[in-house]
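If you use this note's numbering, the sequence shown corresponds to residues 2 to 546, in order. Cβ coordinates follow ideal geometry from the N, Cα and C atoms, glycine included.
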Amino acid sequence: MTLPHVNRRHAARARRGAAGLAAVLAALAVAACGGSSGSTVARLPPVHPDRVGPEATFTPSNSELLGPDVGAKLDLLRQLGVRDVHIGIQWASIAPHPTSRHRPSFDAADPAAYPAGVFAPYDAIDRGLAARGIQFTLALAPSAPIWATGRGHWQLQGVWEPKASEFGQFARALATRYSGHYTPPGQSTPLPRITQWSIWNEPDQGFQLAPQTNPKTHAEQSPAMYRALVDAAWSGLRAAGQSPASILIGELAPAGRSYPTNPGNFGSMAPLRFLRALYCVGSDYKPLSGVAAAQRSCPTTAAASAHFAAQHPGLFHAGGVANHPYPQGLAPNTVTPDEPDYTELAASGKLEATLDRLNRLYGSSTRYRIYSTEFGYQTKPPDDELGVVSPQTAAAWMNWAEYITWQDPRQASFDQYLIVDPPSGHFATGLVTAQGVPKPAYDAYRMPLYLPVTSTRKRHPLVVWGCVRPAYFAQKQTHTPQRVQIQFAPRGSTRFRTLRTVTIASPHGFFETTETFPGSGSVRLRWSYPNGGVITSRTVVVTLR
2 MTLPHVNRRH AARARRGAAG LAAVLAALAV AACGGSSGST VARLPPVHPD RVGPEATFTP
62 SNSELLGPDV GAKLDLLRQL GVRDVHIGIQ WASIAPHPTS RHRPSFDAAD PAAYPAGVFA
122 PYDAIDRGLA ARGIQFTLAL APSAPIWATG RGHWQLQGVW EPKASEFGQF ARALATRYSG
182 HYTPPGQSTP LPRITQWSIW NEPDQGFQLA PQTNPKTHAE QSPAMYRALV DAAWSGLRAA
242 GQSPASILIG ELAPAGRSYP TNPGNFGSMA PLRFLRALYC VGSDYKPLSG VAAAQRSCPT
302 TAAASAHFAA QHPGLFHAGG VANHPYPQGL APNTVTPDEP DYTELAASGK LEATLDRLNR
362 LYGSSTRYRI YSTEFGYQTK PPDDELGVVS PQTAAAWMNW AEYITWQDPR QASFDQYLIV
422 DPPSGHFATG LVTAQGVPKP AYDAYRMPLY LPVTSTRKRH PLVVWGCVRP AYFAQKQTHT
482 PQRVQIQFAP RGSTRFRTLR TVTIASPHGF FETTETFPGS GSVRLRWSYP NGGVITSRTV
542 VVTLR
């Protein structure tokens, strides 16, 4: 994922205190890294000890998993407690003769018709994840083979006007191969069934789907193409026996360029603008008609609009909407200023409300759950782009972001993008540096800790929220409830003692409780793997007056 340069400028501007910043979500006080100070006796948020919370999703880069050491990487993800791995399969990397303008003669809906060996890395991931009890989400991703794209533009040919009918056959081939019933030639057992599917990647970004808008009329074009891709993939996946609940749509990038003439062919469209055009409504949320509708391949009359939902079932009956809610260097409760159509984490409520409104317009009662399938903070060092934060801040904000996600029952997953920082240093959102050194985010991801309020009077409690992500697998292994210790060290000391041991009820490892601390100092979590390995969380400083 690469965010548009304009959005990184917005992030820098916001950090300088730009006017219009919506800095605080309703449920949280002003916070920096570990929680908020608030008044002398802080008002605590309500405690939800039995809330299940979002599933832990992890999105490695393909290069991290499509290699000889895939087993070691999957072992690491299981040790971290990952429940679902989300990766993309590039259409052009699987299709025969992807650089040819002429379509080869083959049955694109038959997995056996594809070149020998192209599926082998994905087969290994599929079997490896199933053996470790980890779910698998496979995104049908760009770029397309050249023979399945439109003519007339030499730039980024693999994303220029991809042919929906060909994409549908590609989807059917994959869904057949990973249906749980398909045994590849030369293998003795069927491949495990893939848990979840997702359609395309960041269709609101011009380097993933083009053109984004018509250069003459500035009417949105990518939403109509994506609508056709969803229709075709939906048909292909369903024909191979996949259920609607297993199919995600969207995979939205959270930011884009503004009106009036942007984003052009290869720029970035703001995601809520993209969704409105996808569902054929204008900025006033009224159905488009006449010329405006025709320019966006939408129904031009009210009578035609009445059939829209039936003609596009994937838009109304999918299992959820995938979003990449990067805050772009801002604190996780902060929206990008002056950008009402963005879908960063702090704007999740707006995304949900928009999707509800779009569904209601067509008589649908669907209330989509939101799946985070790419998320992370870029850190400096090594990243020198705008919108980066220190490794320590990234770790703290990661936990704060997951707490915000946990508070929203419609958020189905919380994602981490990348295991290891890229060697180039660009988009350094990994848990480990390119040199193999764990970053503060490593411990923060494995065992999150967040205190929404960190300062109060003596003998007054504070809320402690956290997650032992590997607890799910530990409980399955030992068949015993998992417990986590809340530990405290007085100010100026590094000697921690256990104040309380909490039983983890959530299957995803979350807990929330209140604790009265003996004074100012540092708080951390401590937990032991079944094999005896002890891990601790990052620390949070509390102040008592």
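(message) My output table needs one value for Y451: the three-state DSSP class, helix, strand or coil.
(response) Collapsing the DSSP output to three states places Y451 in a strand.
(message) Short of 6 angstroms in beta carbon distance, which residues of its chain neighbour F275, apart from the five on each side in sequence? Order them along the chain.
(response) Excluding positions up to five away in sequence, the list reads D205 and P224.
(request) Take L45 as the anchor and find which of Q222, A271, T138 and T515 has the nearest alpha-carbon. (result) That would be T515, whose Cα lies nearest to the Cα of L45.
(message) Please state whether the Cβ-Cβ distance between T138 and D76 is less than 8 angstroms.
(response) With respect to the 8 angstroms criterion, T138 and D76 are not classified as neighbours on the basis of their beta carbons.
(message) With H, G and I counted as helix, E and B as strand and the rest as coil, what does DSSP make of W466?
(response) W466: strand per DSSP, three-state reduction.
(request) Label A32 either buried or exposed according to how many other C-beta atoms from any shown protein chain fall within 10 Å of its C-beta, with 16 as the threshold for buried. (result) Residue confidence is low: A32 scores 40 on pLDDT, short of 50, so the model does not pin down where it sits. No coordinate-derived value is stated.
(message) Measuring only the C-alpha atoms, how far is F376 from V535?
(response) Rounded to the nearest angstrom, the gap between the Cα atoms of F376 and V535 is 27 angstroms.
(message) By the three-class DSSP mapping on this structure, what secondary structure does A254 have?
(response) In the structure shown, the three-state DSSP call for A254 is coil.
(request) Buried or exposed for P146, please, with buried defined as at least 16 other CB atoms from any protein chain shown within 10 angstroms of its CB. (result) With 16 or more Cβ atoms within 10 Å of its Cβ, P146 is classed as buried.
(message) Using 8 angstroms for Cβ pairs, my map puts G237 next to R173. What's the rounded Cβ distance?
(response) That pair is a contact at about 3 angstroms.
(request) Starting from the Cα of W92, find the closest Cα among V83, T301, S290 and F120 and give me that residue. (result) Looking at the Cα atoms, F120 is the closest of the given residues.
(request) Alpha carbon to alpha carbon, how far is Y227 from D285? Give it in angstroms, no decimals. (result) About 22 angstroms.
(request) Determine, using beta-carbon pairs with one atom in the stretch 242 to 255 and one in the stretch 317 to 328, whether at least three such pairs fall under 8 angstroms. (result) In the pairwise beta carbon analysis, the stretch 242 to 255 is classified as touching the stretch 317 to 328: at least three pairs are separated by under 8 angstroms.
(message) Check this for me: beta carbons of L500 and S521, under 8 angstroms apart or not?
(response) Inclusion of L500 and S521 in the CB contact set at 8 angstroms is not warranted, their separation being larger than that value.
(message) Here's the rule: buried if 16 or more other CB atoms are within 10 angstroms of the residue's CB, otherwise exposed. What is H182?
(response) By the neighbour-count rule (16 or more Cβ atoms within 10 Å), H182 is not buried but exposed.
(request) Pull up the distance between the alpha-carbon of R194 and that of S507, whole angstroms please. (result) Whole-angstrom Cα-Cα distance: 26 angstroms.
(message) Assuming the contact rule is C-beta atoms closer than 8 angstroms, P105 and Q209 should be a hit. Round their C-beta distance to whole Å, please.
(response) With a Cβ gap of about 24 angstroms, P105 and Q209 do not count as contacting.
(message) Using C-beta distances below 6 angstroms, list every residue in its chain close to T406, excluding the 5 sequence neighbours before and after it, in chain order.
(response) So the list reads P55, Q412 and F415, once near-sequence residues are dropped.
(request) Can you give me the start and stop residues for the beta strand (DSSP E) that R501 sits inside? (result) For R501, the enclosing beta strand (DSSP E) has its first and last residue at R498 to T504.
(request) Determine the closest residue to I420 out of E386, T60, T355 and L356, with distance taken between C-alpha atoms. (result) Here the closest residue by C-alpha is T60.
(message) With a threshold of 7 angstroms on Cβ separation, who are the neighbours of D357 within its own chain once the five nearest residues in sequence on each side are excluded?
(response) Around D357: R368.
(message) Assess contact between the stretch 207 to 221 and the stretch 159 to 179, defined as three or more Cβ pairs (one per stretch) separated by less than 8 angstroms. Is contact present?
(response) A contact exists between the stretch 207 to 221 and the stretch 159 to 179.
(request) Check whether the stretch 260 to 280 touches the stretch 342 to 355, counting contact only when three or more Cβ pairs, one atom from each stretch, lie closer than 8 angstroms. (result) Yes, the stretch 260 to 280 touches the stretch 342 to 355.
(request) Work out the CA separation of Y473 and T380 for me, nearest whole Å. (result) A direct Cα-to-Cα measurement between T380 and Y473 gives close to 29 angstroms.
(request) Return the chain-ordered list of same chain residues with a C-beta closer than 8 angstroms to the C-beta of G21, the five sequence neighbours on each side being excluded. (result) Here the model assigns G21 a pLDDT of 31, short of 50, so the residue's position is not dependable, and the following value carries that caveat. These residues qualify, in order along the chain: P338 and D339.
(request) Leaving out five residues on either side along the sequence, give the residues of the same chain with a beta carbon under 8 angstroms from the beta carbon of T374. (result) For T374, where only same-chain residues beyond five positions count, the Cβ hits under 8 angstroms are T58, T60, H87, T138, A140, S199, L249, E252, A323, N324, H325, S414 and D416.
(request) Work out the CA separation of T190 and G533 for me, nearest whole Å. (result) Roughly 35 angstroms separates the two Cα atoms.
(request) Would you mind stating whether F489 and F511 have Cβ atoms separated by less than 8 angstroms? (result) No, the Cβ-Cβ distance between F489 and F511 is not below 8 angstroms.
(request) Pull up the distance between the alpha-carbon of V83 and that of I135, whole angstroms please. (result) When only Cα atoms are considered, V83 and I135 end up about 7 angstroms apart.
(request) Could you name the residues that DSSP lists as bridge partners for P439? (result) When DSSP reads this structure, P439 sits in a beta bridge with V433.
(request) State the CB to CB distance for the pair A233 and F168, rounded to an integer number of angstroms; the pair is presumed to be in contact (CB under 8 angstroms). (result) Contact holds; Cβ gap of about 5 angstroms.
(request) Rounded to whole angstroms, what's the CA-CA distance from M448 to P531? Just pull it up for me. (result) Here the alpha carbons of P531 and M448 stand approximately 16 angstroms from one another.
(message) Suppose you measure from the CA of W201 to the CA of H313; what does that come to, to the nearest Å?
(response) Distance between the alpha carbons of W201 and H313 is about 16 angstroms.
(message) What ranges does the alpha helix (DSSP H) occupy inside the stretch 257 to 342, keeping only unbroken runs of at least 4 residues that lie completely in it?
(response) Segments of the alpha helix (DSSP H) lying fully in the stretch 257 to 342: 272 to 279, 291 to 296, 303 to 306, 309 to 312 and 315 to 318.
(message) What would DSSP say about L238, mapped onto helix, strand or coil?
(response) Of the three classes helix, strand and coil, the one that applies to L238 here is helix, per DSSP.
(message) If contacts are defined as beta-carbon pairs under 8 angstroms, then P439 and V433 qualify, I think. What distance do you get, rounded to the angstrom?
(response) Taking 8 angstroms as the upper bound for CB-CB distance, P439 and V433 are in contact here, some 5 angstroms apart.
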